Every structure is written in C-alpha cells, then in structure tokens.
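Per my numbering, residue 32 is the first one in the sequence shown, and the count goes up by one each step.
The beta carbon of each residue, even a glycine, is placed where N, CA and C say it ideally should be.
Because the structure is a prediction, the values reported are computed rather than measured.
Contents: one structure, followed by commentary.
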Amino acid sequence: MEKILKFGGTSCGSVESIQSVLSVIESNWKSSKQFAVVFSAMSGVTNSLLEAGKLASQGKEPYLPLIESIETRHFEVIKHFIPLKGQSQVIAQIRTLVNELRDVLKGIALVKENSPKTSDLLVSFGERLSTSLITAILKEKGLPVLFVDARQFIKTNDTFGKSEVDFAQTNTLIQAFFEQHADEICLITGFIGSNALGETTTLGRGGSDYTASVIGAALGVKEIEIWTDVDGMMTADPRKVTNAFTIPSISYAEAMELTHFGAKVIYPPSLQPAFSKNIPIRVLNTFNLNFKGTVVSKEQKPNPYIITGISSIDSLALVNLQGSGMIGVAGVSAKLFTVLAREKISVILISQASSEHSICFAIEPQNAVRVREILEAEFAQEMLIGDIEGIDIQSNLSVIAVVGEGMRKHTGVSGKLFSVLGKNGINIVATAQGSSELNISVVIEQKDLSKALNVIHETFFFSKLKTLHLFLVGTGLIGKTLLDQLAGQERYLAKYRGLKVKLVGIANSRQQLIQEKGIDVKSALDQLAQQGKSQDLPAFIEKIKALNLPNSIFADCTADKQIYSHYLGLFKSNISVVTPNKVANSGPYPLYAELHQTALEKGVKFLYETNVGAGLPVINTLQGLIASGDRFEKIEGILSGTLSFIFNQFKPGRSFAEVLREAKAKGYTEPDPREDLSGMDVARKILILSREIGLKLEFTDITIEKIIPPACEHAATVDDFFLELEKANDYFEKMVASAAERGHVLRYIAALENQKITIGLREIDAQHPFYQMDGADNVIAFTTKRYHDRPLVIKGPGAGAEVTASGVFADIVSMGSYLA
C-alpha cells in the first residue's frame, strides 16, 4: 500500500466537491498506485444527527425534517452521478440506511434518553452514508472499489464518544484485511470503530484523520493525504488575516502546537500513529487540485521566516489563583491540576509567577462557573485562613500562539511580538513560553483578536512591507494635495520605506466614506462623491474605533475648531493622529497636557510638524534639541507667510493698502485680511513652541501689539477696512520711512524670552538673521545653550498646500516607521 487518502466533510458535501473527489481517486487509479480512501460524513450531517438525537431525547418529532434533509442531499448526488437505470438500486441502499437511522431515533424518542453509546451509533450513519454513496458512484464508473465498514477492524475500548484504539488487535486485523483485498480500492468509513462486543464507537475530534492514521501506520504507507477545503495549513486563519498564505512544510511538533491553539485543518493528535512511524502527511485542497499543499513531517525544511504560523482560540476564560500563602508551599500546583484532571477540565494554557504568588490558566468559557465551584470547594480551608486570597475569572479573552522551530535560533522574538502589540494598544493579560522556544502564547482581550493577528502576521511574515490604515478628514487644498502625494509616492514608499499607506476612510464637511478593503487614493474624491454618506463626524469616528484596525492613523487636514475634541477618544482607542490643525495644541493648557499624556500612555503618536512653519522642520528640530539635553534661552520667529510677504514688500514709495491688496489678490490673506493682521495665528504658533519647551503658558499670557489703527480694526466691512487703511496711510509711511532712515526694515516677529511671549512689528538691522527675507518665507531662530552666539535658524516657505501637505505626508511616514 503506497498511501491513504482521507476526504473531509466539505470534500464530500456537494456535487461540485464530490466531482473533485472522484477525479483524485480516478487519477490515482490510472497511475496504478495502491491506495485506500477514508471518508467523513457530508459537511453538516454529523451536527444534524446530533441535533436530531437531542430533539428525539426530548420526545419531540421535529427531528424528522433533519433526517429528510440528509436523505435529500444524498439523493441529489445520486441523481447527478448515477445514470437513471442504475439509480433505483443505489437509492434503495441509501434509503435502507436512512430507515435504520429513523428506527434508532424512534427508539431514543421512546425512552427519552440519548446515551453516549446510542449517540455513537447515531452519528455513525454520516460516514456510512457518504462512503456508501461514493462507492456506488465509482462502481458505476468501473473502478474496482469496495465499501469497507471500519468497525470490522478498528477495535476500541468502551469509552463512547472518544474511544481509545486497541492497537495490537487493530493492527493485526487491518493487515489481514488488506492482504485479502490488495487488488481492490478500499473506501473506508472514517471516525467509527467498535468495541469487543461489536458495539459502535467513535474516535472523537479528528476521528476520520485518526482512522486514516491508524490504517496508514498499520500498513506502513509512504504518505497520507488529508484533503480539505483550503490550500493546506496556513500561516494564519485566512478568515481573519487576508494575507495568510500556505506553509509548504511543517514539522509534527509545530503542527501539534498550531492545532492545539485553534488551527482546524488537521488534528495532529489523531495523526500520532502515523507520526510515530515517520509517515509524512500531505494536506491538500479538494477545490484546488493542482496546488501542492502542506507536507507535515518529522523535520521541517528550511523556512525563510523566523516563525512558521500563528494560531488562535477565539474565546476562553482565564482563572487566576493567588495568595501569599502559596509562596514556597509545595504541592499547590499539584493539588490544583489534579482536581482539574479529576473533573475532566481541559487546561489550554498555564502561566505562573516566579514568586509562586499566583497561578493562572486558561479554560473554555463554558467551564468557568463549574471551575469556580470546584476550586472554592477544594481550597476552602486555604481561603478561610487567607493563604489564598480568592479565585478571579476573566472572560471575553482570546489566546494567540506564535509557533515555529526557527524561534530558538533567533533572539528578540518575544520582544518583537510584545512591541508590535504594545504599539497597537493591545494589552497582554497573560503569557506563556516553553523552554523549547517552539511556542509563545499571549492572552489578550477578545475584541483585539483580529487586529493582533494581522499585526503579528505582518510583522513576522511581511516585514518588507508594512500597512498603515489611514483615515483622512478634510479634502480641501491640503487634503487633496496629500492624496496626490500619496498616489505619486506609492512605489517609492513600498520600495525604499517598506510602507503601504492604505486609505480606509475619507470625509469632508458634506460626505464621508469608509471601506475596510481600501479606497484608491487616485479616485478617492470621486468615490467619496459617488458613494459617500451624509457627513456625521461622530459616527465616522466611532466607526474608525469599531474597526480597530492595526497601525491606524487619523489625519485631520481641516481648520475645524471643534474636531480636536475627538482626539482624546482616538488616542484611547490606540489610533495615532497627524494634523496641521493648530487648535488642539493652542487651546487650554490642561487639554494640551491631557492629549500628550494620553498619547504617551497609549503608545500612539500625535504628530503636528505642520502646526508651525508648514513643511519646515521646526517641531522635530526643537524636540531633538530638548531630547539631546539642550536648553532654550530665546525663540524668535516670523511665523506668518502672509505677514512675511506684506512686510517684505512694504518699503518706502508703496502704500500699506497697496501691498495688502496685492497679498490678497495672490491668495495669501484670509478673505478678511484683518484676521492675518490680528496676529492670532502667529500667537497660536509661538504658544505651541513655548509648550514644546515645557512652559505652561496660556493664550492670555501673550502680549500682542496691534499693527493697524482702531478705525481700521473696527470697520464694518472689508471694503470699509481698505478705505480706512488708505486714510491711515501717513501712519504707515512714517513707520517705514523712520526704519529706512536708520537702515532698518520692519518685520512682524513673535518672541519667547524669559517665559514671556510678545508679538508685534519690530525694526531690525542688517545684523539680525531676519533682515534678508524673500517672498512669503517663514524664519525661526533658536537661541540655546549650544547655539548661544549664533542662533540656529530655520528658513523657508511656511505656507501653501504643497509644503503643508508634504509636512503631513512626512509625519505619516515617520509615524509608519514607529508603528510598523
């Protein structure tokens, strides 16, 4: 015998899948290979049989439609594959089995009891039906097939529901049987066996795999093929991790670890007989016949990745037993796990503090109440005298196992794992790692499971390309330009920065759109216009939080004065924020402090380089100086591109009104230029810088000297304002002429010195770093302990959509380097 094939429930579940099964069997037959085939019940049939048994034991007849549905499914397959003249015989065969099934259920209904022994007989019909059906179809095709009821050679004890195989007797019977039927293709019922009295038993979870393994080991086959509905064993659950891919080869030990923690493709404990004989297991896809699948063998082949796979259990409860009386006391652990074993409570994970002050272990959540009762009874005396403080049980948790034999050859795997979880705000409730370094397990909150799986998978399997999930609010000049820059730099980011910026949400003052699969940045505005819903910012924010995507970034490219109220909630949901909007950082100091402290505590980033100087590296430079230990003595700056342009152009011979009209025509000013001339925007910027160097200043602490006379300031309209400005021409001419006579120029400067901020129009001489200015440039001078005699000067364009968007873009890339 060369190999054993095993087909699972989904492989036998429909006309399409059965056609693939037939193709595989025919292909093996034509290649003259000696093989046998094990079948599971049709998908869903075993559950229907169990439900029917439950209903029958309650004396209810609604179980009959379930049986009729099972019968119909099998008849539909017969009608598709068997020619009309041969259908009656096969239908009669299936109907006989179904009638026998009905009799069993009738008996259960009469006695109103469904014992484990009866339940085993009941569910055995699933495999018997599917195997009989496929045998009939292959006979019709002319293949030398033989229906084989595994109960005749799989011999077990009397533990119904999960019987143990008597290998000595079973192996002898298998070898004798196949010696007699060497020329036939044996089609075998999986999952079932029989005890010494010939009563039907079942082999428990993975029973059909177990049948294939037992037969393969007894016959010493070269390989066992497990046919499923996926492309072999995957690096993670593809339903939760879209980038999961097939593992070409995996060791027995790794497969055991992955399946213990939730991977359901195969159940290695059931394949232990094959493993003990070093028989490779190949996991294949019935729906993708040309795919090579996964080979499970004694030793894994070289793996390009540090880890082999990630598995998870969606729902569990964590039990914590703690108390000072446990420290140094021998036998507490033994007593704990002995009572759990006695009560047949399965423990998924164990973690114990080195101080022996506490022991925590994970269990299935449905056992939580029972475990509390058991432990409270078992440790009643210890709890009474205070040696054990109590039994704490946490629910709504999940466990993730990172598995791979390669981990023992690499340092820092745990650090990398914990770091990426921490940066995404995923709290680790408990952790466990064996000395073999084959598995690192972490318990987390269930709500974070999908997020955690994706960031771990991306970190360990796709380290060359990290995905940032971007939510953009504001599609004006800055937002639109940012989208253009993201589109233009997509290839560069992937190739040189290892980043992929995935736009997931976009909103403006009218509409909003969220698509978890991503929005094409090139057509984002069109998609927003065509598919967007009416704008509801709170709902948009809540959806972002609910998605709980890894490496999430919220980009606020608006001038909205209220949107900052959502920043705190975003931080608390572990979502980073990048923004040119100055309102949050220039608002009340307690809010500023709370935002920054929360971002720090949550391990997220709050980046706002464009708050001061647009695309100029002002904030980063300042923060770098502080981090390196420098101390600030003075900060001076021309922080308004508008006012910079105005006073660069305002020279003797030109009226102030004329220069201001030119600035307005070029789009440098606000619709009402008095907003620029008020100095309020400059005040916000210098206030932000003061807070960055540690001063707890408020807006009211700033002294702003007025530029324009009261009559101009209080004019009813913009037109009236310009009329008043012209009337006040002498005031401005005297100012600029006086400065020119001394070789000075006028500059609108914000200054921070001695913990005081002043803003106003200043005369400066040619020695001042702000003397030579051009266009609408911003300039900032930092006088520090290190830069005392010659201030550090940063100069360049401080306004405009292109430079501001580029600053936001740079913040996103910087944030990506941190998060990923």
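Cβ contact annotation for Glu794 (same chain, cutoff 6 Å, sequence separation greater than five): Ala770 and His775, in chain order. Beta-bridge analysis with DSSP links Ile790 to Ile735 and Ala781. In the DSSP assignment, the residues bridged to Phe663 are Thr815. DSSP, reduced to helix, strand and coil, places Leu720 within a helical segment of the structure shown. Around the C-beta of Pro683, fewer than 16 other C-beta atoms lie within 10 Å, and the residue is accordingly described as exposed. Contact holds between the region 828-840 and the region 643-660, because three or more Cβ pairs, one in each stretch, are under 8 Å apart.
Between Ala461 and Cys391 a beta carbon distance of about 5 Å is seen, short of the 8 Å cut, so the two are scored as contacting. Our two residues, Met711 and Glu744, have alpha carbons roughly 14 Å apart in a direct line. Contiguous alpha helix (DSSP H) elements confined to the region 332-410 occur at 363-373 and 399-409, taking only those with 4 or more residues. The beta carbon of Phe752 lies closer than 7 Å to those of Arg705, Cys743 and Ala746 in the same chain, with the five residues before and after it left out. Within a 10 Å sphere around the beta-carbon of Glu195 sit fewer than 16 other beta-carbons, which makes this residue exposed. For Cys217, the three-state secondary structure derived from DSSP is strand.
By the criterion of a C-beta distance shorter than 6 Å, Asp842 is surrounded in its chain by Val609, Leu638 and Glu640, once the five residues flanking it on both sides are discounted. Burial of Ile310 is indicated by the presence of at least 16 other C-beta atoms within 10 angstroms of its C-beta. The bridge partners DSSP lists for His500 are Lys533 and Ser583. Burial state of Phe322 is exposed, judged by a 10 Å Cβ sphere holding fewer than 16 other Cβ atoms. Contact between Phe70 and Ile165 holds: CB atoms are separated by about 6 Å, below the 8 Å threshold. Scanning its chain for C-beta atoms nearer than 7 Å, with the 5 sequence neighbours on each side dropped, one finds around Tyr762 the residues Pro740, in chain order. In the displayed model, Leu544 falls within a strand according to three-state DSSP. Residue pairing by DSSP places Phe306 in no beta bridge whatsoever. By alpha-carbon distance to Leu380, the top candidate from Glu573, Asn351, Lys332 and Lys366 is Asn351. Going by C-alpha positions, Ala243 is about 24 Å away from Ser342.
Taking a contact to require three or more Cβ pairs closer than 8 Å, the region 250-257 and the region 276-292 do not qualify as touching. Around the beta-carbon of Val142, fewer than 16 other beta-carbon atoms lie within 10 Å, marking it exposed. Following the DSSP letters along the chain, one finds Arg705 inside the alpha helix (DSSP H) bounded by residues Arg705 to Leu708. Out of Gly549, Val434, Gly510 and Gly421, the CA that lies nearest to the CA of Ala294 is found in Val434. Residue pairing by DSSP leaves Lys758 without any beta bridge partner.
Out of Ser607, Leu626 and Val643, the CA that lies nearest to the CA of Val635 is found in Ser607. The alpha-carbon separation between Gly324 and His500 amounts to approximately 32 Å. In this structure Ile431 is buried. Its beta-carbon is surrounded by 16 or more other beta-carbon atoms within 10 angstroms. The beta carbon of Lys787 sits closer than 8 Å to those of Asp732 and Thr734, all from its chain and outside the five residues before and after it, given in chain order. Val135 is not a Cβ neighbour of Ile101, given a cutoff of 8 Å. A distance below 7 Å between beta-carbons, with the five flanking residues on each side excluded, links Val767 to the following residues of its chain, in chain order: Phe681, Lys682, Pro683 and Leu777. DSSP places Arg313 in the strand class (E or B) of the three-state scheme. According to DSSP, Pro828 shares a beta bridge with Asp808.
Looking at the DSSP output, Thr748 shares a beta bridge with no other residue.
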